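This report concerns only the one structure given below.
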Amino acid sequence: MKNDSIILERKGKVAIVTINRPQKRNAFDEGLFLQLKSITSEITSSLPRAVIITGAGDKSFSAGFDVHPENPMVKRIIDAAAAHDLDPAQSLINAIRESVDAFVSLPVPLIAAINGLAYGGGAELATRCDMRVMDPDAVICFSETKLGLMPDWGGGAALTRLIGHSRAADLILTGRKVSADEACSLGLVNKISAKGNALNESVAIAEKIAQNGPRAIKSSLSLIRQSANTTSSELLKQEALLAAELISSGECFYGVGAFLEKRDPSFPDIE
Numbered sequence: 001m002k003n004d005s006i007i008l009e010r011k012g013k014v015a016i017v018t019i020n021r022p023q024k025r026n027a028f029d030e031g032l033f034l035q036l037k038s039i040t041s042e043i044t045s046s047l048p049r050a051v052i053i054t055g056a057g058d059k060s061f062s063a064g065f066d067v068h069p070e071n072p073m074v075k076r077i078i079d080a081a082a083a084h085d086l087d088p089a090q091s092l093i094n095a096i097r098e099s100v101d102a103f104v105s106l107p108v109p110l111i112a113a114i115n116g117l118a119y120g121g122g123a124e125l126a127t128r129c130d131m132r133v134m135d136p137d138a139v140i141c142f143s144e145t146k147l148g149l150m151p152d153w154g155g156g157a158a159l160t161r162l163i164g165h166s167r168a169a170d171l172i173l174t175g176r177k178v179s180a181d182e183a184c185s186l187g188l189v190n191k192i193s194a195k196g197n198a199l200n201e202s203v204a205i206a207e208k209i210a211q212n213g214p215r216a217i218k219s220s221l222s223l224i225r226q227s228a229n230t231t232s233s234e235l236l237k238q239e240a241l242l243a244a245e246l247i248s249s250g251e252c253f254y255g256v257g258a259f260l261e262k263r264d265p266s267f268p269d270i271e
């Protein structure tokens, strides 16, 4: 699917979502949030084994929210701030979160190919993915506090879970820029790619995931995503339940059978 602001491509069992506003540093306006929601519905209708999100061009993953006079959402922010009115502010954040939450809740692994700057909401969107591959020249910056704002795409909570309270406080409260090397040392990204190769290396990871049992991936991913909000004892119970359900699904018949016969498995898709 191709439209003004988002491109959805399918490469075998992998879907690639490209934010396609390079002239605006791939920043989000109201239309782009709506298109992300639409793309999410299209992906859901025919689930791939993994999804990659990246930005068009070689300069930006996404600059986050498009702070521009022509963006109607900016006027809504300014009006709500001037009137000290909570309701329109909550309505705006809910609209943003509806699109972002739906995308990051897709029941398949999400990989952010950070090919350039990821500022504000762009940094949040990348952080809410399951994995991140970052170009060596890319930069991450949780820049919201510089505008008198704070993370509101769910990235503040996600960052804290990912790298811990103190480190998250450093990045969010200072709004400083983070290089690829530092992001990797913090555990914020999984891998630094070769220059200009974040997308290709993300595809390689996604294709490796796609070779494994899709039910096993779905169940494992569900457990991983629940881990931040579940006690250890409850998580152990959930792991045992998911593992038993996975065995009873019959998927391991293909994997164990292939192993015993010393051949590569061929797992059926989830219908």
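The sequence shown maps to residues 1 to 271 in the working numbering.
In this text, a Cβ means the ideal position worked out from N, Cα and C, and glycines have one as well.
This structure is a prediction, so every number in the text was calculated from the model and none was measured.
Within the same chain, show all residues whose beta-carbon is closer than 6 angstroms to that of residue i, passing over the 5 residues directly before and after it, in chain order.
i      : result
Lys218 : Pro107
Ile53  : Val17, Ala112
Gly213 : Glu251, Gly255, Phe267
Glu144 : Gly120, Met150, Pro151
Does the distance from the CB of residue i to the CB of residue j come in under 7 angstroms?
i      : j      : result
Asp137 : Ser193 : no
Phe103 : Leu173 : no
Gly154 : Arg128 : yes
Thinking just about the alpha-carbon of each residue, which of the options is nearest to the one in residue i?
i      : options                       : result
Gly4   : Lys11, Gly31, Thr231, Val14   : Here the sequence assigns Asp to residue 4, which means Gly is not the residue at that position. Ranking the options by Cα distance to Asp4, first place goes to Gly31.
Val278 : Asn94, Ala183, Gly154         : The chain is shown only over 1 to 271; residue 278 falls outside these bounds and no answer can be derived.
Pro22  : Asp170, Ala118, Ser249, Arg10 : Ala118
Glu201 : Lys13, Ala95, Arg76, Asn115   : Asn115
Thr190 : Ala15, Ile43, Leu110          : According to the sequence shown, residue 190 is Asn rather than Thr. Among Ala15, Ile43, Leu110, the Cα nearest to that of Asn190 is on Leu110.
Should residue i be counted as a contact of the ligand HEM given a C-beta to heavy atom distance under 6 angstroms?
i      : result
Ser222 : As far as ligands go, the structure on display features none, and thus does not contain the ligand HEM.
Tell me whether residue i is buried or exposed, calling it buried when 16 or more other Cβ atoms sit within 10 Å of its Cβ.
i      : result
Met131 : buried
Ser91  : exposed
Arg71  : Rather than Arg, the amino acid found at residue 71 in this sequence is Asn. When all chains shown are included, Asn71 counts as buried.
Ile6   : buried
Glu9   : exposed
Within the same chain, show all residues whose beta-carbon is closer than 8 angstroms to that of residue i, passing over the 5 residues directly before and after it, in chain order.
i      : result
Leu223 : Leu235, Gln238, Glu239, Leu242
Asn197 : Asp135
Ile93  : Asp152
Establish whether the CB of residue i and some CB of chain D are separated by less than 7 angstroms.
i      : result
Ala258 : Protein chains in the displayed structure number just one, and chain D is not present.
Within the same chain, show all residues whose beta-carbon is closer than 7 angstroms to that of residue i, passing over the 5 residues directly before and after it, in chain order.
i      : result
Pro265 : Tyr254, Gly255, Ala258
Arg76  : Pro88, Leu92
- Contact between the stretch 158-168 and the stretch 81-97: three or more CB pairs below 8 angstroms? no
- Query: Any chance the stretch 11-30 sits against the stretch 62-80, with 3 or more Cβ pairs inside 8 angstroms?
  - Reply: yes
- Query: Is the stretch 45-52 in contact with the stretch 201-211, if contact means three or more CB pairs nearer than 8 angstroms?
  - Reply: yes
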